[in-house]
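Line order of the protein sequences matches chains X and Z.
Each residue of the first sequence is one higher than the one before, counting from -10 in my numbering.
Each residue of the second sequence is one higher than the one before, counting from -10 in my numbering.
2 protein chains.
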Amino acid sequence: MSAGGYRLEEQIGFLLRRAHQRATAIFSARFAGHGLTPTQFAALAKIADEDEVSQNRLGRLTAMDPATMKGVIGRLSERGLIAGRADQEDRRRTQWRLTEAGAALLAAAQKDGFGVTAETLDPLSPRERATLLRLLEKII
Amino acid sequence: MSAGGYRLEEQIGFLLRRAHQRATAIFSARFAGHGLTPTQFAALAKIADEDEVSQNRLGRLTAMDPATMKGVIGRLSERGLIAGRADQEDRRRTQWRLTEAGAALLAAAQKDGFGVTAETLDPLSPRERATLLRLLEKII
DNA sequence: TCAAACTTGTTTGTATACGAACAATTTTTC
DNA sequence: GAAAAATTGTTCGTATACAAACAAGTTTGA
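Okay, structure coming up:
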């Protein structure tokens, strides 16, 4: 009976956690054949955008902390989807690129990426979809 | 240059992940003194609502899978914030309650719970806040 | 009734997520 | 040009998140 009037179901954090869980579940179902997680797909997509990118910068672009990024990079690299080379200008850095296999997988997976977004937003009207994206951007 | 026109920043899943990350960061800052994570706090709040609740039911109420719930319950129980008893009617079940320490911590933490929500939604007008909650509920 | 189906909870393994502490390197500042 | 500050990346530890396989107990249905 919510002692202090705190209703979990109405808290933005709880709603965001649940909405994210649902989006992830939809992603997992559609990407089962590709063997990619949402963060792995995000990393591939951003590496493709950037052509070549350091680990830290990729983390900023995909909203992953350096420790998390290291794990994602490691798994993509082990699977041969990306390849790294030492940066000559800055010896702390490793620059990462898609391999041919990575580019092929990304190309094959991309339409499912749009499918995930479409299915996740399916309960909303086009206008509501735009509103939701706009409001989410405002609170990030 | 988004080869297939796939813009990560506009995908609902990516926005939800980032918004959830920010909400969690705000929670962590405000709850540092209480030593509670968002899921632990959610579990305490729901146990208080229900008075006594089984592990699986609590998982459904707080949107946690049974394996996750077990970890959360274990940590709260180890800290003496909740206590479980074997259910006589259904011998598979354990029923969980707040201890006095748990009830006290929940009472002390609750105003910070509201603070997290307020800070997270701060960039939005009251009308926008209501809209965001409504749209999130629709896509869950 | 009794077998099938379901529910409750556990365990294992993989993948984020991130704080904290750290080493190596580069940039800034004086 | 040297000290200070910042950046890049690693490692360790803790906490979700969930699939899959499982054991044990309960409910359903023919």
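Glycine included, each C-beta is placed from N, C-alpha and C at the ideal position.
Since the structure is predicted, the reported quantities are computational estimates derived from the model, not experimental observations.
Any C-beta of chain X under 9 angstroms from that of residue i
i	result
Z:Gly162	No answer is possible for residue 162 of chain Z: it lies beyond the span of chain Z, which begins at -10 and ends at 129.
Z:Val105	yes
Z:Pro115	no
Z:Arg46	no
Z:Ala52	yes
Z:Ile62	no
Z:Gln84	no
Z:Leu25	no
Distance CB(residue i)-CB(residue j) smaller than 9 angstroms
i	j	result
X:Gly69	X:Thr88	yes
Z:Ile1	X:Leu121	yes
X:Ile129	Z:Arg123	no
X:Gln99	X:Val61	no
Z:Ala92	Z:Gln84	no
X:Ile71	X:Ala14	no
Z:Lys127	X:Leu(-3)	no
X:Glu41	X:Arg81	no
X:Tyr(-5)	Z:Gly102	yes
Z:Pro27	Z:Gln44	no
Z:Ala96	X:Gly63	no
Cβ neighbour criterion (16 or more within 10 Å) applied to residue i
i	result
Z:Gln77	exposed
Z:Gly48	buried
Z:Thr57	exposed
X:Ala21	exposed
X:Ala18	exposed
X:Arg118	buried
X:Ala37	buried
Z:Arg7	buried
Any non-hydrogen atom of the ligand ATP closer than 8 angstroms to residue i Cβ
i	result
Z:Leu124	No copy of the ligand ATP occurs in the structure displayed, which carries no ligand at all.
CB contact check: residue i to chain Z, cutoff 9 angstroms
i	result
X:Arg11	yes
X:Arg146	With chain X represented from -10 up to 129, any question about residue 146 of chain X goes unanswered, as that position is not in the structure.
X:Leu124	yes
X:Pro55	no
X:Leu(-3)	yes
X:Gly(-7)	yes
X:Leu139	Because chain X is modelled from -10 through 129, residue 139 of chain X falls outside the range shown and cannot be assessed.
X:Thr88	no
X:Lys59	no
X:Ala31	yes
Residue span of the alpha helix (DSSP H) that contains residue i, given as start and end
i	result
X:Ala98	Glu89 to Leu110
Z:Ile1	Ile1 to Phe20
X:Ala31	Pro27 to Glu39
X:Glu(-2)	That residue, X:Glu(-2), is in no alpha helix (DSSP H); it is neither H nor E in DSSP.
Z:Glu126	Pro115 to Ile128
Z:Ala56	Pro55 to Glu67
X:Arg132	Coverage of chain X is limited to positions -10 through 129, which leaves residue 132 of chain X absent and any answer about it impossible.
X:Gly48	Gln44 to Thr51
Extent of the continuous beta strand (DSSP E) run through residue i
i	result
Z:Gly73	Ile71 to Ala75
Using a beta-carbon distance cut-off of less than 9 angstroms, what residues from the stretch 67 to 81 of chain Z approach chain X? none
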